[in-house]
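K.L.:
Here the protein sequences come in this chain order: V and X. Residue numbering for the first sequence follows numbering that gives the first Met the number 0, starting at 0 and increasing by one per position. Residue numbering for the second sequence follows numbering that gives the first Met the number 0, starting at 0 and increasing by one per position. We put the CB at the ideal spot given by N, CA and C, even for glycine. Since the model is a prediction, treat every value here as computed from it, not as a measurement. If you scroll down you'll find the structure; I have some questions about it.
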Amino acid sequence: MLQKIKEVSVLFSVGIISAFLLSFVYGQTAPVISKYKKESLKKSLSEVFDEPSVRFEEVKSDSLWKAFKEEEYMGMVFKSEEKGYSGKIKPIVGVDSTGKIIKVEISKAELSETPGLGMKISEETFLEQFKNLTANEVFLKKDKEKGKIDAITSATISSRAATAAVREGLEKYKEFLPKYALKKFRKAYMENLKQTSDSLPEEIEPKTLWRVSNKYIFISVIEDSSSVFHFFTEIENKKIKQISIFIEDPKTEKEKISEDNKILKEALKKKFEGAVLKNINKLEFASEIEEIAKKIRKEINTIYVEQIRWREK
Amino acid sequence: MEGKIKRTLIDGIIKNNLILVLAIGLCPTLAVTTSAYNGLGMGLAATFVLVLSNLIISSLRKIIPGNLRIPIFIIIIASFVTMIDYALRAYLPPLSTQLGVFVPLIVVNCGILGRAEGFAYKNPVHLSFMDGLGAGIGFTLVLFIMGTIREIFGQGIWLNIPGIFPGIKVFGSAFADYSVILFILPPGGFLTIALLMGLFNYWRKNNG
Numbered sequence: 000m001l002q003k004i005k006e007v008s009v010l011f012s013v014g015i016i017s018a019f020l021l022s023f024v025y026g027q028t029a030p031v032i033s034k035y036k037k038e039s040l041k042k043s044l045s046e047v048f049d050e051p052s053v054r055f056e057e058v059k060s061d062s063l064w065k066a067f068k069e070e071e072y073m074g075m076v077f078k079s080e081e082k083g084y085s086g087k088i089k090p091i092v093g094v095d096s097t098g099k100i101i102k103v104e105i106s107k108a109e110l111s112e113t114p115g116l117g118m119k120i121s122e123e124t125f126l127e128q129f130k131n132l133t134a135n136e137v138f139l140k141k142d143k144e145k146g147k148i149d150a151i152t153s154a155t156i157s158s159r160a161a162t163a164a165v166r167e168g169l170e171k172y173k174e175f176l177p178k179y180a181l182k183k184f185r186k187a188y189m190e191n192l193k194q195t196s197d198s199l200p201e202e203i204e205p206k207t208l209w210r211v212s213n214k215y216i217f218i219s220v221i222e223d224s225s226s227v228f229h230f231f232t233e234i235e236n237k238k239i240k241q242i243s244i245f246i247e248d249p250k251t252e253k254e255k256i257s258e259d260n261k262i263l264k265e266a267l268k269k270k271f272e273g274a275v276l277k278n279i280n281k282l283e284f285a286s287e288i289e290e291i292a293k294k295i296r297k298e299i300n301t302i303y304v305e306q307i308r309w310r311e312k
Numbered sequence: 000m001e002g003k004i005k006r007t008l009i010d011g012i013i014k015n016n017l018i019l020v021l022a023i024g025l026c027p028t029l030a031v032t033t034s035a036y037n038g039l040g041m042g043l044a045a046t047f048v049l050v051l052s053n054l055i056i057s058s059l060r061k062i063i064p065g066n067l068r069i070p071i072f073i074i075i076i077a078s079f080v081t082m083i084d085y086a087l088r089a090y091l092p093p094l095s096t097q098l099g100v101f102v103p104l105i106v107v108n109c110g111i112l113g114r115a116e117g118f119a120y121k122n123p124v125h126l127s128f129m130d131g132l133g134a135g136i137g138f139t140l141v142l143f144i145m146g147t148i149r150e151i152f153g154q155g156i157w158l159n160i161p162g163i164f165p166g167i168k169v170f171g172s173a174f175a176d177y178s179v180i181l182f183i184l185p186p187g188g189f190l191t192i193a194l195l196m197g198l199f200n201y202w203r204k205n206n207g
């Protein structure tokens with residue numbers, strides 16, 4: 000009995016002492032470890048964004064950051080992952096505001112691919128191929144015609160996994176890009192225009208003014224106190240044929256899709272569509288849309304007088 | 000007395016060499032020795048644990064009850080390893096990420112448990128210290144040599160330290176395309192260890 004108690008107490012005290020020592024060491028090292036982790040993360044973020052004095056804001060824990068310069072939203076950095084030949088491949092990718100890759104980094108230390116083969120995906124010669132590519136070009140050349148990435152000899156699996164990780168991240172996070180919603184709106188509008196007209200739109204002023212047969216289309220941007228309005232105006236036979244409006248929140252750079260804004264859009268459309276340009280100054284607006292409607296009227300008038308009237312026959 | 004201490008140290012390196020003679024602790028050996036730097040790092044970490052665990056276990060050998068010795072050894076070794084793991088992560092992060100899972104694996108490295116059970120539990124503190132040191136040096140040397148062989152033949156470079164030193168190009172840059180990749184893959188580990196064991200035992204047979 001005494002023997003048993005002695006044995007148990009020895010085991011017990013060894014356990015207790017070990018636990019105390021461990022917690023002491025943990026307490027000493029934990030702040031250093033987390034500081035190092037933060038520093039190395041910050042370093043790798045600014046490395047792939049490749050632009051001085053950029054501030055990063057975490058959007059999704061350990062996988063997505065937005066990059067700001069002063070207050071301007073410049074682009075994003077994401078970390079994605081894909082199963083490689085052995086273990087996971089986790090590239091860190093910097094993306095500019097238009098969705099183009101700035102730089103890709105794969106940390107050698109986090110990689111467990113075969114040394115001398117798959118490990119080469121962390122080398123500059125492989126990674127610099129990603130520069131300036133967009134999502135639909137990030138494929139291996141041997142996998143897709145549009146692909147722009149050369150695989151590493153006898154490490155196709157690693158190369159393919161790295162490429163897929165970058166591409167999937169781009170697809171997954173593209174909605175977080177600044178101006179993504181606006182870009183989509185513009186693209187959809189132009190696509191629709193191409194499909195509904197007999198001939199291709201002719202670009203008269205780069206990215207602002209187009210002509211299709213005898214129809215003129217221009218895009219303008221105006222601001223009021225809380226929103227930014229982007230709108231396409233179509234003019235045909237001295238009349239406003241159509242107006243398409245995108246209301247943007249300048250803080251998030253996303254579309255404002257509340258009920259109020261829907262009503263506002265409808266009211267503006269109703270007022271302007273079909274209006275004769277000569278009489279546009281005589282239009283009267285309800286008080287709740289007056290401020291913005293007057294700005295839009297001024298903008299349309301200016302562009303019509305300066306750019307379109309003398310071109311019309 | 001002095002002679003005995005010296006003998007214990009040399010025995011630890013040669014006669015009781017963990018890998019080449021006792022053939023214990025082979026798992027981390029095969030896994031990490033793809034480069035000389037990895038081998039060295041793993042070896043030094045294991046040496047540190049060997050010395051400390053031998054010290055503690057030998058000084059506690061009179062109070063550790065015989066039928067509970069294994070769990071107590073494991074608690075002591077596991078605590079040290081965890082502490083080393085934290086210390087590496089805090090003060091030598093590149094080495095820590097490089098060794099990855101192998102540092103925690105020292106806990107189940109039977110080399111360390113083997114020395115605790117086979118030597119430290121039966122011998123006084125100063126001898127156990129020397130035995131731990133000797134076994135550690137022997138382990139580190141073998142890991143370093145294996146890493147060197149595998150790195151040179153497999154990649155054509157030597158002593159590459161990721162992020163710090165690119166390594167010495169042994170065979171020139173043309174070799175990179177024709178390196179013997181087998182040496183970096185697991186079979187290369189087995190081949191290297193077998194060759195080393197054979198050579199070592201041949202040498203020992205002929206030189207006493």
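At which residues does the beta strand (DSSP E) containing V/Trp209 begin and terminate?
P.N.:
Translated into the one-based positions of the first sequence, residue 209 of chain V becomes position 210. Residues Leu208 to Val211.
K.L.:
In angstroms, rounded to a whole number, what distance separates the CA positions of V/Thr301 and V/Glu57?
P.N.:
Residue numbering aside, residue 301 of chain V sits at position 302 when the first sequence is read from its first letter. Residue numbering aside, residue 57 of chain V sits at position 58 when the first sequence is read from its first letter. Distance between the alpha carbons of V/Thr301 and V/Glu57: 43 Å.
K.L.:
Please state whether DSSP places V/Ser106 in a helix, a strand or coil.
P.N.:
As a first step, residue 106 of chain V must be located in the first sequence, where it is residue number 107. Reduced to three states, the DSSP call for V/Ser106 is coil.
K.L.:
Excluding five sequence neighbours on each side, which residues of the same chain lie with their C-beta closer than 7 Å to the C-beta of V/Ile307?
P.N.:
Here residue 307 of chain V refers to the residue found at position 308 of the first sequence. So the list reads Tyr215 and Ile234, once near-sequence residues are dropped.
K.L.:
If you measure from the beta carbon of X/Ala89 to each beta carbon in chain V, is any gap under 8 Å?
P.N.:
Counting from one through the second sequence, the residue named residue 89 of chain X turns up at place 90. Answer yes: the Cβ-Cβ gap between X/Ala89 and chain V drops below 8 Å somewhere.
K.L.:
Out of curiosity, what's the CA-to-CA distance linking V/Ala266 and V/Val137?
P.N.:
The residue given as residue 266 of chain V occupies position 267 in the first sequence. The residue given as residue 137 of chain V occupies position 138 in the first sequence. Near 44 Å, if we compare the C-alpha coordinates of V/Val137 and V/Ala266.
K.L.:
Does the pairing of the stretch 91-108 of chain V with the stretch 189-200 of chain V give three or more beta-carbon distances under 8 Å?
P.N.:
No: fewer than three Cβ pairs fall under 8 Å.
K.L.:
So within the stretch 22-63 of chain X, which uninterrupted alpha helix (DSSP H) runs reach at least 4 residues, ignoring any that extend past its ends?
P.N.:
Runs found: 25-31 and 35-58.
K.L.:
Please confirm whether X/Leu29 and X/Gly188 have their CB atoms less than 8 Å apart.
P.N.:
Sequence index remark: in the second sequence, residue 29 of chain X carries index 30 (1-based). Sequence index remark: in the second sequence, residue 188 of chain X carries index 189 (1-based). Their beta carbons are under 8 Å apart, which means X/Leu29 touches X/Gly188 by this criterion.
K.L.:
At which residues does the alpha helix (DSSP H) containing V/Ala292 begin and terminate?
P.N.:
Numbered from 1 along the first sequence, position 293 holds the residue referred to as residue 292 of chain V. Per DSSP, V/Ala292 belongs to the alpha helix (DSSP H) from Ser286 to Ile302.
K.L.:
Report all residues from its chain with a CB closer than 7 Å to the CB of V/Ile221; omit the five preceding and five following residues, and keep chain order.
P.N.:
Against the first sequence, residue 221 of chain V aligns to sequence position 222. Around V/Ile221: Phe228, Lys294, Ile295 and Glu298.
K.L.:
Whose C-alpha, out of V/Ser286, V/Leu21 and V/Asn260, is nearest the C-alpha of X/Ser78?
P.N.:
Numbered from 1 along the second sequence, position 79 holds the residue referred to as residue 78 of chain X. The shortest C-alpha separation from X/Ser78 is found at V/Leu21.
K.L.:
In the DSSP assignment, what are the bridge partners of V/Ile222?
P.N.:
By 1-based counting over the first sequence, the position of residue 222 of chain V is 223. At residue 222 of chain V the sequence reads Glu, which differs from the Ile that was named. According to DSSP, V/Glu222 bridges with V/Val227.
K.L.:
Classify V/Met118: buried if its beta carbon has 16 or more other beta carbons within 10 angstroms, exposed otherwise.
P.N.:
On the first sequence, position 119 is the one that residue 118 of chain V refers to. It is buried - the Cβ of V/Met118 has at least 16 other Cβ atoms within 10 Å.
K.L.:
Sorted by chain position, which residues of the same chain lie with C-beta nearer than 8 Å to V/Lys264's C-beta, five sequence neighbours on each side aside?
P.N.:
Position 265 of the first sequence, counting from 1, holds the residue named residue 264 of chain V. Excluding residues within five positions, the ones whose Cβ falls inside 8 Å are Ile244 and Ile246.
K.L.:
From the DSSP output, which residues share a beta bridge with V/Gly74?
P.N.:
The count along the first sequence starts at 1 and reaches residue 74 of chain V at position 75. Per DSSP, V/Ala66 and V/Asp95.
K.L.:
So with Cβ pairs under 8 Å, would you call X/Leu67 a contact of chain V?
P.N.:
In the second sequence, counting from the first residue as 1, residue 67 of chain X sits at position 68. Yes, X/Leu67 lies at the interface with chain V (some Cβ there is under 8 Å from its Cβ).
K.L.:
What residues are listed by DSSP as bridge partners for V/Val275?
P.N.:
Reading the first sequence from its first residue, position 276 is the one you call residue 275 of chain V. V/Val275 is bridged to V/Lys238.
K.L.:
For a contact meaning CB atoms closer than 8 Å, what does V/Val9 contact in chain X?
P.N.:
The residue labelled residue 9 of chain V in the question sits at position 10 within the first sequence. Ordered by position in chain X, the residues that pass the 8 Å Cβ test against V/Val9 are Ile62, Ile63, Pro64, Leu67 and Ile71.
K.L.:
Count the other C-beta atoms from every protein chain shown that fall within 10 angstroms of the C-beta of V/Met0, then say buried if there are 16 or more, exposed otherwise.
P.N.:
Indexing the first sequence from 1 puts residue 0 of chain V at position 1. Result: exposed.
K.L.:
Chain X partners of V/Tyr25, CB-CB under 7 Å?
P.N.:
Position 26 of the first sequence, counted from the first residue, corresponds to residue 25 of chain V. Those within 7 Å of V/Tyr25 in chain X are Tyr85.
K.L.:
Mind listing the chain V neighbours of X/Ile74? Cutoff is C-beta to C-beta under 9 Å, in chain order.
P.N.:
Residue mapping note: residue 74 of chain X aligns to position 75 of the second sequence, counting from 1. Result: Leu10, Val13, Gly14 and Ser17.
K.L.:
Of the residues X/Asp84, X/Phe174, X/Cys109 and X/Tyr90, which one's Cα is nearest the Cα of X/Phe72?
P.N.:
Here residue 72 of chain X is taken as the residue at index 73 of the second sequence, counted from 1. Answer by Cα proximity: X/Cys109.
K.L.:
Mapping DSSP to helix, strand and coil, what is X/Tyr85?
P.N.:
Mapped onto the second sequence, residue 85 of chain X falls at position 86. The answer is helix: DSSP assigns X/Tyr85 an H, G or I state.
K.L.:
For V/Lys78 versus V/Lys65, is the C-beta distance shorter than 8 Å?
P.N.:
Position 79 of the first sequence, counting from 1, holds the residue named residue 78 of chain V. Position 66 of the first sequence, counting from 1, holds the residue named residue 65 of chain V. Contact flag unset, no.
K.L.:
Might you give, ordered along the chain, the residues of its own chain that have their beta carbon closer than 6 Å to the beta carbon of V/Phe67, omitting 5 neighbours on each side?
P.N.:
Taking the first sequence and counting its residues from 1, the one referred to as residue 67 of chain V is at position 68. Counting only Cβ-Cβ distances below 6 Å, and skipping sequence neighbours, we find Arg54.
K.L.:
In whole angstroms, give me the CA-to-CA distance for V/Pro114 and X/Leu25.
P.N.:
Sequence index remark: in the first sequence, residue 114 of chain V carries index 115 (1-based). Sequence index remark: in the second sequence, residue 25 of chain X carries index 26 (1-based). If you take the alpha carbons of V/Pro114 and X/Leu25, they lie about 20 Å apart.
K.L.:
Flag this pair as yes or no: are the beta carbons of X/Gly135 and X/Ala45 separated by less than 8 Å?
P.N.:
Your numbering for residue 135 of chain X matches position 136 in the second sequence. Your numbering for residue 45 of chain X matches position 46 in the second sequence. Their beta carbons are under 8 Å apart, which means X/Gly135 touches X/Ala45 by this criterion.
K.L.:
For V/Lys240, which residues in the same chain have their Cβ closer than 6 Å to its Cβ, ignoring the five residues on either side in sequence?
P.N.:
Position 241 of the first sequence, counted from the first residue, corresponds to residue 240 of chain V. Excluding residues within five positions, the ones whose Cβ falls inside 6 Å are Glu233.
K.L.:
Indicate whether at least one CB of chain V lies closer than 8 Å to the CB of X/Leu140.
P.N.:
Numbered from 1 along the second sequence, position 141 holds the residue referred to as residue 140 of chain X. False, the Cβ-Cβ gap to chain V never drops below 8 Å.
K.L.:
Find the nearest neighbour of X/Ile192 within the set X/Asn15, X/Ile4, X/Gly11 and X/Thr32, judged by alpha-carbon distance.
P.N.:
Here residue 192 of chain X refers to the residue found at position 193 of the second sequence. Comparing Cα-Cα distances from X/Ile192 to each of X/Asn15, X/Ile4, X/Gly11 and X/Thr32, the minimum goes to X/Thr32.
K.L.:
Along the chain, where does the alpha helix (DSSP H) that runs through V/Ile120 open and close?
P.N.:
Translated into the one-based positions of the first sequence, residue 120 of chain V becomes position 121. From DSSP, V/Ile120 is part of no alpha helix (DSSP H); its letter is neither H nor E.
K.L.:
Please specify which runs of the beta strand (DSSP E), each continuous and at least 3 residues long, are wholly inside the stretch 149-220 of chain V, giving them in chain order.
P.N.:
Fully enclosed beta strand (DSSP E) runs of 3 or longer: 201-204 and 208-211.
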